[in-house]
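Take the sequence shown: its position 309, counting from 1, is numbered 314 in this note's numbering, and each next residue is one higher. In this text, a Cβ means the ideal position worked out from N, Cα and C, and glycines have one as well.
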Amino acid sequence: MSVLLRRAGRRHLVRHPWLIGLSVLGVAVAVAVVVGIDLANTSARKAFLLSVEGVAGRATHEIVGGPGGLPEEIYATLRTRHGLDDLTPIVESRVALPEGSQRTLRLLGIDVFVDDQLRSFTPRFRGDGSRGDGDPTAFLTQPGAVYLGEALAQQLAVQSGDSLKVRAAGEVATLEVVGLLTPPDSLSRQVLQDLLIVDISSAQEILGTEGALSRIDLVLPLEDVAEHEAKLAQLLPPGAELQPKSARSGALDQMTRAFRLNLTALSLLALLVGMFLIYNTMTFSVVQRRTLIGTLRALGVTRRQIFSSILTESALVGVVGSIAGIAAGIFLARGLLVLVAQTINDLYFAVSVTSVEVPVSGWIKGALLGVGGTLLASLKPASEATTAPPRKVLTRSDLEQEARLGVRRVSMVGFALMAASALLLLVPSKSLLLSFTSLFLFVLGFAALVPGVTLLAMNLLGAPMRRLFGVLGAMAARGVSTTLSRTGVAIGALVIAVSVTIGVGVMVTSFRSTLIDWLEVTLAADVYVAPADPGSVGGAKTLDPDVLPAIAADPRVASLSTIRRVRVGSQLGPVLVAALGTERPGFAAYRFVRGRPDDIWQRFRDGAAIISESFAYHHDLAVGSSLELATDRGPQSFEVAAVYYDYGSDRGVVTLNRTTYDRFWEDPALFSIGIFTRDGVDHERLIADLSSRLGERETLRWVSNRDLRQASLEIFDRTFQITDVLRLLSVMVAFIGVLTALMALQLERSREFGVLRANGLTPRQVWGLVTAQCGLMGGVAGLLSLPLGTALAALLIHIINRRSFGWTLQMEVAPMILLQAVALALAAAFLAGLYPAYRLARTSPALALREE
């Protein structure tokens, strides 16, 4: 019997290669979506962590200062007076390539005589020369001398002896390449791909920060590290802070956690659709051999042998599909990685990702999803073919009768899952895992209701279809309900896929609408000016304060507002502080969650802080709470006067009056200036005149209110490009699922259509009948996707988004999105039915009835 089963299995594979290929494709697409997203997220995260941790080298801690950096006298004091040897000064910033390039590079200023103790890739000047070719003497004596990695030099088309221009601190600086570095290991290779290494004095000159350091890297013994931390902290002056190296990478990694988690959740929704697809494909495989299986059972093959044979073949399909899915996922990840990295660059920080990292865990995860999901989805069709008596296996009607009887039970399970989802939402928690669990339970529960609703809809449509299209119309409606075991699953998969497009579409539209309203209020100034370079000491952009009076002197300027953004320490960890310099009209740009603006303005002028909604949510703060910040005068406590809506940072912002900020920080620099013009002023002309007068065309970025709003929306649209890709993939998965279901129906109903053909039904009428059934399936799926998609949007906006980012969004359901969803469901079902309809219309009645 085992030999017979193996031969039957081989013949099946040989005779139906395209159908087996469809089964493999179903598994591969489902695996590829999840693996692609996972690899893109993992690669972006790993590139960032390697960059941060690789630059840190052996350093375990760092000493950081306030917004203006760290006075370099602190380093001299620690080394000479207190005898600390294992530490090195660092000046670090990102610089831009000025020739129209959007790329930024990291400028690292080091003391080469002590830095090679901490980092393996820095030039070595102690006897063995540098790692790679170069001139160590020129590096120390020549202003602007720079070392860079060989790979980066090839990308920039430079070599030793060439010059390289960068834009930094409002100026264009010329660097002289004195050597190329050969990375000694893979970690160094990753770090050097966007790193420019200069002497620390050159870095200070390029960035305009003479006398200041970005930080001091040091190594503390692992034994009794807490004791060493306490002793060192006592040696530091006010404004300097000791923190573990992991704190910075951990804080920055936390910024993108919610973004990465949301992408993973969207990919799992695609996997959920894929599970329906896998079930359909494996059912399809069993349906093809229903007659053969019944015959083998009648000849004495046991249920266990049949069951084992089907699961073995399913495992093979799962293995092949998983391998193909992982390969496709790697290819997909290369495209998605560009979108993920672009979003991180736009919203969080610069990250350079050049390749997709494929860890062993990625292979294992893909294999488990593909093989495990295939076996799980195969259990029910395998059980259908093996648990019933041989006669029943050969009779399709018995199976459909059981499916119809089980609708009530499945519907009860669906209601139970949706009730569990509602109960989880009532749990007072900020857990995203709990939120996504609730979302998945709701989707599964709704999907369980689809067969019952489909049966009810077909019963109601029977009479109208007869009146409109005659007997064929009634047959189309009845055909969908009499094959519910197949059509119910296919419609469920299509409902979930289309509802995902609705949910994500409504969320994106609502977010965009909310953002537009917020920009209309927040961008109150007519013209904005900011530095053209990407940053300076501490990573914050700065403007020369002397620019302010020069702009104010123009008679067309009515008033000015200023912003200085810095990251400072607090009892909550590093927080972003915005120092706002404005009069009462400029303060009107803030929309508060509650409270009278006049009262808030007065308290703000008196020294209180206002915080963004996301900051308040993440840190459980409210009006009246106190926030302690590390200032140049030591720790200071600030009362929270109000909470305002803000969509510029998902981690939140603390805003202080500029006068209050100047009282506690020695930092006159500015981040940007808002220019309020008098009535009738031509803004483009004003920008041209001011930039020409100040001689700052290359070092300042001037932008009008309209252009800044447009740029913000462009960033927003780039951010959600990846969700469009995922929506498309979900629909593609559902399309394949519907196709497999209809192919299964074609095989099972070939005799039925043979009888109809023998009784006078023309090929054109067969085509119309099958197409009508597809239209009914697509119409039901489209209509059912509307409530599910709207509910998904509400969960994403009011629960997931709130717990991820702390923002309040106004939900806006655009009718066009709903109409597009119904059209998408109809189109997917119709296209999936073209080939089955073609096959059935061409089937010979004699061939279909030859076994009758």
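What did DSSP end up calling S541 once you bin it into helix, strand or coil? Position 536 of the sequence shown, counted from the start, is the residue given in the question as residue 541. Confidence at S541 is low in this model, with a pLDDT of 39, below 50, so the placement of that residue is unreliable and no value is reported for it.
Would E618 be called buried (16 or more neighbouring beta carbons within 10 Å of its own) or exposed? On the sequence shown, position 613 is the one that residue 618 refers to. With 16 or more other Cβ atoms within 10 Å, it is buried.
Other residues of its chain near G70: CB distance less than 6 Å, five sequence neighbours each side excluded: As a first step, residue 70 is located in the sequence shown; it is residue number 65 there, counting from the start. Hits under 6 Å: G244, A245.
Answer with buried or exposed for L410, where buried requires no fewer than 16 other C-beta atoms within 10 angstroms of its C-beta. Here residue 410 refers to the residue found at position 405 when the sequence shown is read from its first residue. Exposed is the call here.
Nearest by alpha-carbon distance to R608: which of R589, W812, A594, H623 is it? Counting from 1 along the sequence shown, the entry for residue 608 is found at position 603. Ranking R589, W812, A594, H623 by Cα distance to R608 puts R589 first.
Per DSSP, cross-strand counterpart(s) of D222: Taking the first residue of the sequence shown as 1, we reach residue 222 at position 217. Its beta-bridge partners are E67, T93.
Expressed to the nearest angstrom, what Euclidean distance is found between the alpha-carbon atoms of V8 and V415? The sequence position of residue 8 within the sequence shown is 3, counting from 1. The sequence position of residue 415 within the sequence shown is 410, counting from 1. The straight-line gap from Cα to Cα measures roughly 39 Å.
Entirely enclosed beta strand (DSSP E) segments - the stretch 576-654, minimum 3 residues: Counting only runs of 3 or more residues that sit fully inside the stretch 576-654, the beta strand (DSSP E) segments are 580-586, 614-617, 631-636, 639-649, in chain order.
Can you tell me whether D694 is helix, strand or coil according to DSSP? As a working note, residue 694 is residue 689 in the sequence shown. Residue state, collapsed to three classes: helix.
Between the stretch 198-212 and the stretch 105-119, are three or more C-beta pairs nearer than 8 Å? Enough Cβ pairs lie closer than 8 Å, so yes.
Identify every residue that forms a DSSP beta bridge with G679. Position 674 of the sequence shown, counted from the first residue, corresponds to residue 679. Y533, S566.
Exposed or buried, P841, counting other C-beta atoms within 10 Å across all chains shown (16 or more means buried)? Here residue 841 is taken as the residue at index 836 of the sequence shown, counted from 1. So P841 counts as buried.
With contact counted as at least three CB pairs below 8 Å, one residue from each stretch, are the stretch 784-791 and the stretch 817-829 in contact? yes
Measuring alpha carbon to alpha carbon, tell me which of L161, A846, R807 ends up nearest S434. The residue labelled residue 434 in the question sits at position 429 within the sequence shown. Comparing Cα positions, the closest option is R807.
So, helix, strand or coil for D199, using DSSP? As a working note, residue 199 is residue 194 in the sequence shown. Looking at D199 - three-state DSSP - the assignment turns out to be coil, as it is neither helix nor strand.
Have a look at A693 and R561 and give me their C-alpha separation to the nearest angstrom. Locating residue 693 in the sequence shown gives position 688, counting from the first residue. Locating residue 561 in the sequence shown gives position 556, counting from the first residue. C-alpha separation (whole angstroms): 13 Å.
Enclosing alpha helix (DSSP H) for K370 [first to last residue]: If you number the sequence shown from 1, residue 370 lands on position 365. 365-372 is the span of the alpha helix (DSSP H), which, as asked, contains K370.
Reducing DSSP to helix, strand and coil, say where P386 ends up. As a position in the sequence shown, residue 386 is number 381, starting the count at 1. Correct three-state label for P386: helix.
Proximal residues to R220 (C-beta, below 7 Å), its chain only, five neighbours per side dropped: Translated into positions along the sequence shown, residue 220 becomes position 215. E67, I68, V69, L75, I95, listed in sequence order.
How far does the beta strand (DSSP E) with Q160 in it reach, from first residue to last? Residue 160 sits at position 155 when you count from the first residue of the sequence shown. In the DSSP assignment, Q160 falls outside any beta strand (DSSP E) and lies within the alpha helix (DSSP H) extending over 155-161.
Would you please state the rounded distance, in angstroms, between the beta carbons of G149 and A173? I believe it to be under 8 Å. The sequence position of residue 149 within the sequence shown is 144, counting from 1. The sequence position of residue 173 within the sequence shown is 168, counting from 1. Not a contact, Cβ separation roughly 11 Å.
For A150, does the three-state DSSP call read helix, strand or coil? Locating residue 150 in the sequence shown gives position 145, counting from the first residue. If DSSP states are grouped into helix, strand and coil, A150 belongs with the strands.
Express the C-alpha separation of G166 and F519 in angstroms, rounding to a whole number. Counted from its first residue, the sequence shown places residue 519 at position 514. Counted from its first residue, the sequence shown places residue 166 at position 161. Checking the displayed sequence, the identity of residue 519 turns out to be Thr instead of Phe. Answer to the nearest angstrom: the Cα atoms are 52 Å apart.
Starting from N764, trace the alpha helix (DSSP H) in both directions and tell me its first and last residue. Mapped onto the sequence shown, residue 764 falls at position 759. Run containing N764: none; DSSP gives neither H nor E here.
How long is the line joining the alpha carbons of I720 and R714, rounded to whole angstroms? Numbered from 1 along the sequence shown, position 715 holds the residue referred to as residue 720. Numbered from 1 along the sequence shown, position 709 holds the residue referred to as residue 714. One C-alpha to the other measures close to 10 Å.
For R807, does the three-state DSSP call read helix, strand or coil? For the purposes of this step, residue 807 is taken as the residue at position 802 of the sequence shown. Three-state result, R807: helix.
Leaving aside the five residues before and after S443 along the sequence, list all residues of the same chain whose C-beta is less than 6 Å from its C-beta, in chain order. As a first step, residue 443 must be located in the sequence shown, where it is residue number 438. The residues are S426, L429, L430.
In angstroms with no decimal places, state the Cα-to-Cα distance between A495 and M816. Here residue 495 corresponds to residue number 490 of the sequence shown, with the count starting at 1. Here residue 816 corresponds to residue number 811 of the sequence shown, with the count starting at 1. Approximately 30 Å between the Cα atoms of the pair.
Cut-off 7 Å between Cβ atoms - residues of its own chain near V324, not counting five sequence neighbours on either side: Here the question's residue 324 lines up with position 319 in the sequence shown. Within the same chain, V324 has close Cβ partners V376.
Taking Cβ positions, are L460 and V412 nearer each other than 8 Å? On the sequence shown, residue 460 is found 455 positions in, with the first residue counted as 1. On the sequence shown, residue 412 is found 407 positions in, with the first residue counted as 1. Yes. Within cutoff.
Neighbourhood of A238 by C-beta distance below 6 Å, restricted to the same chain and skipping five residues each side: Counting from 1 along the sequence shown, the entry for residue 238 is found at position 233. Within the same chain, A238 has close Cβ partners L247.
Quick one, are the C-beta atoms of I205 and D116 less than 8 Å apart? Translated into positions along the sequence shown, residue 205 becomes position 200. Translated into positions along the sequence shown, residue 116 becomes position 111. Cβ distance < 8 Å, so I205 and D116 count as in contact.
Exposed or buried, L847, counting other C-beta atoms within 10 Å across all chains shown (16 or more means buried)? On the sequence shown, residue 847 is found 842 positions in, with the first residue counted as 1. Note that residue 847 is Arg in the sequence shown, not Leu. That one is exposed.
Mind checking which residues open and close the beta strand (DSSP E) that includes G184? As a working note, residue 184 is residue 179 in the sequence shown. Per DSSP, G184 belongs to the beta strand (DSSP E) from 176-186.
Which value, in whole angstroms, describes the spacing of the CA atoms of P242 and K236? Numbered from 1 along the sequence shown, position 237 holds the residue referred to as residue 242. Numbered from 1 along the sequence shown, position 231 holds the residue referred to as residue 236. For P242 and K236, the distance between alpha carbons rounds to 13 Å.
Please list the terminal residues of the continuous alpha helix (DSSP H) segment that includes E232. Taking the first residue of the sequence shown as position 1, residue 232 is located at position 227. 230-240 is the span of the alpha helix (DSSP H), which, as asked, contains E232.
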